[in-house]
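J.:
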Amino acid sequence: MLHKKIVELLNIQINREFYSSYLYLDTSNYFYDNSLNGYGNWFDIQTQEENAHAILFVKYMQNNGERAVLEAIAKPDIAYKSFKHAIDEAYKHELFISKSINNIYWVAYELRDFKTMQFLDWFVKEQGEEEKNVDELCKRFELFGNDPRGLYMLDSEMAARTFTPPSLVL
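Residue numbering for the sequence shown is 1 to 170, as defined by my numbering.
1. Quick check: the stretch 52-70 against the stretch 14-29, are there 3 or more CB pairs under 8 Å?
2. Quick one: what does DSSP say Glu-66 is sitting in, helix, strand or coil?
3. Are Gln-192 and Phe-123 closer than 7 Å when you measure CB to CB?
4. Using 7 Å as the threshold, is the C-beta distance between Tyr-45 and Arg-161 below it?
5. Report buried or exposed for Gln-127, applying the criterion of at least 16 other Cβ atoms within 10 angstroms of its Cβ.
6. Report the three-state DSSP secondary structure of Ile-73 (helix, strand or coil).
7. Suppose contacts are defined by Cβ-Cβ distances below 7 Å. Is Glu-50 in contact with Ser-21 by that definition?
8. Leaving out the 5 sequence neighbours to the left and right, which residues in its chain are closer than 6 Å to Asn-64 when beta-carbon positions are compared?
9. Thr-27 to Ala-108, Cα distance in whole Å?
10. Going by beta carbon distance, what residues of the same chain come within less than 7 Å of Ile-97, once the five residues before and after it are set aside?
11. According to the neighbour-count rule (16 or more other Cβ atoms, all chains shown, within 10 Å of its Cβ), is Val-69 buried or exposed?
12. I believe Leu-137 touches Ile-87 by the beta-carbon criterion, under 8 Å. Please report the beta-carbon distance rounded to the nearest angstrom.
13. Any idea if Asp-71 is buried or exposed, counting beta-carbon neighbours within 10 angstroms, 16 or more meaning buried?
14. Alpha carbon to alpha carbon, how far is Ala-159 from Leu-151?
15. Taking only the alpha-carbon atoms, compute the straight-line gap between Lys-132 and Lys-5 and give it to the nearest angstrom.
16. Could you tell me the distance, in whole angstroms, from the CA atom of Tyr-30 to the CA atom of Pro-165?
17. Between the alpha carbons of Lys-92 and Gln-62, how many angstroms are there, rounded?
18. Taking Cβ to Cβ, would you say Asp-155 is nearer than 7 Å to Tyr-39?
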């Protein structure tokens, strides 16, 4: 059995992961609407990753005799002012998700819930990668995104990204 506080925080995180998926689907639509199909693809893949993360949290709950409580997913309400703004918002969101996961980890540590800490280890590492990837996207856009040829090349690179489901053993 998981501690009541951990169950509460994991349920909140499940909603945040599904919201992340929803947010990135909205971001993907923004790029597709602006004919940047490579960036649209990059955020499509991000959508799939976030959905997979939510499912991993759900499975962890189920494997520990807990019921995941699915809440309504809020509508993304960001009106992007530019391509750079969309990418910057993604970076801010990843920082928020990292903080949320770190908070669960801290509570698990305080409760000496080593099983949950071990489960979260993968997510802590994954969030480091997520932050790095989106930060790199921001920096590369700053360097090359204002030049039409540079933007074309960046967009072409983003089109090559593919989804690989996480192989976390629960």
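Here a beta-carbon is modelled for each residue, glycine too, at the ideal position from N, C-alpha and C.
T.: Once the coordinates are examined:
1. yes
2. coil
3. No answer is possible for residue 192: the residues shown for the chain start at 1 and end at 170.
4. Inspection of the sequence shows that residue 45 is occupied by Ile rather than by Tyr. A contact, by the Cβ cut-off of 7 Å.
5. buried
6. coil
7. yes
8. Leu-2
9. 33 Å
10. Arg-16, Ser-20 and Gln-127
11. exposed
12. 5 Å
13. One detail in the question is off: residue 71 reads as Glu in this sequence, not Asp. Glu-71 should be labelled exposed.
14. 12 Å
15. 30 Å
16. 24 Å
17. 30 Å
18. yes
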